[in-house]
Amino acid sequence: MTAATSVAGAATYEELVERVRAGELGPDPRTLRIAVAFATRQAVRHDGRGTGYRNEVLSLRLAGAVGSCAVEPGALPDAAIDDCVGADVARLLDHPLVPVRVAALDAYLAHVTPHTPDHGARPFALSAGTSLEKSRARAGAVVELLDLPPGATVLVVGVVNSLLEALRSRNLGYVPCDLKGGFTEWGEEVVTDAFDAADRCDALLVSGMTLGNDTFEPLRRHALAHGKQLVMFAQTGSAVLPRFLGHGVSAVCAEPYPFFWLDAGPSILHRYRLACAGPGGGR
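Throughout, this note's numbering is defined as the position within the sequence shown, counted from one, plus 979.
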């Protein structure tokens, strides 16, 4: 799969926000209001896996689009949802909570540039199946976006065991990284300092959750400065991250709400990639 995105990009996250505020990428955000705000909470432990995890995601609906930002479980105050309902996008872009700002930006960009081939997206179908089957299928779709020789090492920011399993199956090494630390399914220590680990890795595979904890920009800058591939897997900011193709990001696997873990039926991912996204392709 090779496809060049056609959406207008930005050199930095702050530049993207400012362009939206100024109405340069679509309608004036002061004229668009959020109709629905909701939080999705999930706990999972796949059959055959020794560990489980929890997810919590804030989602905002703008017309026919939904923007999302994951949060640490229990960190989102109930009042945040009340703040968002009926509010215009411009006001939410200045909200004191980062996840609200990210979800509002995601909703706006999903509204003005939906995930369609005209905007550079290429659909990837996930078949119906168990939670583990769909997790593995999603992981395969993400890891395919890396263009690396066997033996290369990938920094994985936001540990998902199915992604690590997919890397192992392709004879790729990895350094698992997550702010929560801990251990992988195979007993490997999860590091907590992504920026220290990045120096010893050939490429970066990064969760969109980094938008919500302010770690995306340093990782993007690292990839750009060192000519490394940066592949994003994005439930958070699925419509935001394609804007950085060519500015440090080499590919995005975008997954807007509803996410694969919510439904046993078939679902669709949207993959974006630079026309030439090999090593250094993020430049």
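Where is the CB? At the ideal position from N, CA and C, for every residue including glycine. If you're wondering where the values come from, they're calculated on a predicted model, not measured in any experiment.
Asked                                                                                                              : Found
Alpha helix (DSSP H) segment containing Pro1093, residue limits                                                    : No alpha helix (DSSP H) holds Pro1093; DSSP gives it neither H nor E.
Straight-line Cα distance separating Val996 from His1201                                                           : 21 angstroms
Supposed contact pair Asp1085 and Ser1047 - C-beta distance, whole angstroms, cut 8 angstroms                      : 6 angstroms
Same chain, Cβ closer than 6 angstroms to Ser1141, neighbours up to 5 away in sequence not counted                 : Ser1114, Arg1115, Ala1118
Three-state class that DSSP yields for Asp1085 in the structure shown                                              : helix
Cβ-based neighbour list, Ala1014, same chain, cut-off 6 angstroms, excluding 5 preceding and 5 following           : Arg1040
Helix, strand or coil at Val999 according to DSSP, with G and I counted as helix                                   : helix
Opening and closing residue of the beta strand (DSSP E) in which Cys1180 lies                                      : Segment: none, Cys1180 is in no beta strand (DSSP E) and carries neither H nor E.
Per-residue burial, Val1023 [other beta carbons within 10 Å of its own, 16 or more giving buried]                  : exposed
Cα-Cα separation, Val1139 to Asp1126                                                                               : 20 angstroms
Opening and closing residue of the beta strand (DSSP E) in which Gly1099 lies                                      : That residue, Gly1099, is in no beta strand (DSSP E); it is neither H nor E in DSSP.
Three-pair Cβ contact test at 8 angstroms for the region 1163 to 1171 versus the region 1183 to 1194               : no
Distance between Thr1109 and Gly988 (C-alpha atoms, nearest Å)                                                     : 37 angstroms
Strand pairing of Cys1048, partner residues [DSSP]                                                                 : Leu1037
Close Cβ partners of Ala1089 (< 8 angstroms) along its chain, the five nearest in sequence each way excluded       : Leu1041, Ala1044, Val1045, Gly1046, Ser1217, Ala1218, Pro1235
Cα-Cα separation, Arg1000 to Pro1008                                                                               : 6 angstroms
Span separating the alpha-carbon of Leu1241 from that of Arg1020                                                   : 10 angstroms
Top-ranked residue by Cα proximity to Thr991, from Glu1196, Leu1248, Leu1203, Ala1233                              : Glu1196
Paired residues, beta bridge with Ile1247 - DSSP                                                                   : Ala1104
Three-state secondary structure assigned by DSSP to Ser1186                                                        : strand
Delimiting residues of the alpha helix (DSSP H) encompassing Pro1197                                               : 1195 to 1205
Supposed contact pair Leu1248 and Ala1233 - C-beta distance, whole angstroms, cut 8 angstroms                      : 7 angstroms
3-residue-minimum beta strand (DSSP E) runs that sit fully inside the region 1209 to 1236, ordered along the chain : 1230 to 1233
Reduced DSSP category for Ala1118 - H, G, I as helix; E, B as strand; rest coil                                    : helix
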